[in-house]
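Numbering (the numbering used here), first residue to last: 424 to 669. Using N, Cα and C, we set each Cβ at its ideal position, and we do this for glycine too.
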Amino acid sequence: MRTDKENHPGIYMLPNLLTTASLFAAFYSLVASMTEQFDSAVIAIFIGMLADGLDGRIARLTNTQTAFGAQYDSLSDMVTFGVAPSLLLYQLILHQLGKLGWLVAFVYTASVALRLARFNTQLATEDKRFFQGLPCPPAAALIASFCWLCYQHDLESGFFASLLTAILALILAMLMVSNLRYHSFKELDFKGRVPFLYVLIMVILFVAIAANPGIVLFFTFSLYALSGPVCTALALYKMRKNRRIH
Numbered sequence: 424m425r426t427d428k429e430n431h432p433g434i435y436m437l438p439n440l441l442t443t444a445s446l447f448a449a450f451y452s453l454v455a456s457m458t459e460q461f462d463s464a465v466i467a468i469f470i471g472m473l474a475d476g477l478d479g480r481i482a483r484l485t486n487t488q489t490a491f492g493a494q495y496d497s498l499s500d501m502v503t504f505g506v507a508p509s510l511l512l513y514q515l516i517l518h519q520l521g522k523l524g525w526l527v528a529f530v531y532t533a534s535v536a537l538r539l540a541r542f543n544t545q546l547a548t549e550d551k552r553f554f555q556g557l558p559c560p561p562a563a564a565l566i567a568s569f570c571w572l573c574y575q576h577d578l579e580s581g582f583f584a585s586l587l588t589a590i591l592a593l594i595l596a597m598l599m600v601s602n603l604r605y606h607s608f609k610e611l612d613f614k615g616r617v618p619f620l621y622v623l624i625m626v627i628l629f630v631a632i633a634a635n636p637g638i639v640l641f642f643t644f645s646l647y648a649l650s651g652p653v654c655t656a657l658a659l660y661k662m663r664k665n666r667r668i669h
């Protein structure tokens, strides 16, 4: 049965405007990558990531969630977190590997598409506390911050840099389509009271990002990407230990 919200002839402005902002940032990143303005391309991806994170929250807070908005958001995510990071990675580093370079970039893009398709089909049954596989936004953020780090420190040239980049892209692709569980942090209550220390930690984090964004963002998202395999390994170790005890 269709709800009144779905029968409404129009669309909700604010959440879809934020989704459009994310798509616009991704398109700008594509243009910047093609014209070798790599700093701008990286920043645009992070702006798109921020807008994408806000559109869903705004829709939930204002009770303006619709099937149209969900589909539009998913299509926008494909460009923001799939195509834009892949082109940035290829234009900056992977082009040095020739055909192998663009094939690696394609594998990453295809993995994002598969990750999004699986997420959309399992949305109703998925445990909200966890994601199955590495989510696309942190994977794209890791790619973008890695490119930023390499570009700022002139580390993008050479066969070793290209090979390392290809390995990183393939690992992230595998993590996205894997069954590893990652915390979604959706249970965090941003409206409630928090200890003063949390505010101080946030201030320190913002200062660190402003001081050296490439390094700080790269290590932050690397830790999140590693959290899935590490937590799974610890869970398997505990299971084996409990079996030995019993």
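According to DSSP, residues forming a beta bridge with residue i
i: F554; result: Y605
Proximity to residue i [Cα-Cα], best of the options
i: L484; options: F542, Y435, W525; result: Y435
i: P561; options: A648, Q460, A444, G471; result: A648
i: A474; options: L659, S534, L646, T443; result: T443
i: Y531; options: F554, L572, T503, F583; result: T503
i: L510; options: R538, A455, R552; result: A455
i: L593; options: M472, L512, N543; result: L512
i: E459; options: L515, L578, T655, G505; result: L515
i: V506; options: L623, S445, Y660; result: S445
i: T654; options: I632, F629, Y495, N602; result: Inspection of the sequence shows that residue 654 is occupied by Cys rather than by Thr. For the residues I632, F629, Y495, N602, the minimum Cα distance to C654 belongs to N602.
i: D496; options: V622, D462, L441; result: L441
i: Q544; options: A656, A490, F447, F450; result: Before going further, note that residue 544 is Thr rather than Gln in the sequence given. Per the Cα distances, A490.
Pair within 9 Å by beta-carbon distance, residue i and residue j
i: G492; j: N439; result: yes
i: L595; j: L557; result: yes
i: G524; j: S585; result: yes
i: F469; j: L565; result: no
i: V527; j: M599; result: no
i: L537; j: A589; result: no
i: A567; j: V465; result: yes
For residue i, three-class secondary structure by DSSP
i: P636; result: helix
i: S534; result: helix
i: H518; result: helix
i: D427; result: Because the pLDDT of D427 is 45, which lies under 50, any placement of that residue in the model is unreliable, and the number read from its coordinates should be weighed accordingly. Helix at D427.
i: L382; result: Only positions 424 to 669 of the chain appear in this structure, which leaves residue 382 out of reach.
i: T487; result: coil
i: P561; result: helix
i: P652; result: helix
Residue i: first and last residue of the uninterrupted alpha helix (DSSP H) it sits in
i: F469; result: 461-484
i: F504; result: F504 -> no alpha helix (DSSP H), and no H or E assigned at all.
i: T588; result: 582-600
i: L578; result: Taken as a continuous stretch (DSSP letters only), L578 belongs to no alpha helix (DSSP H), as it is neither H nor E.
i: Y451; result: 436-457
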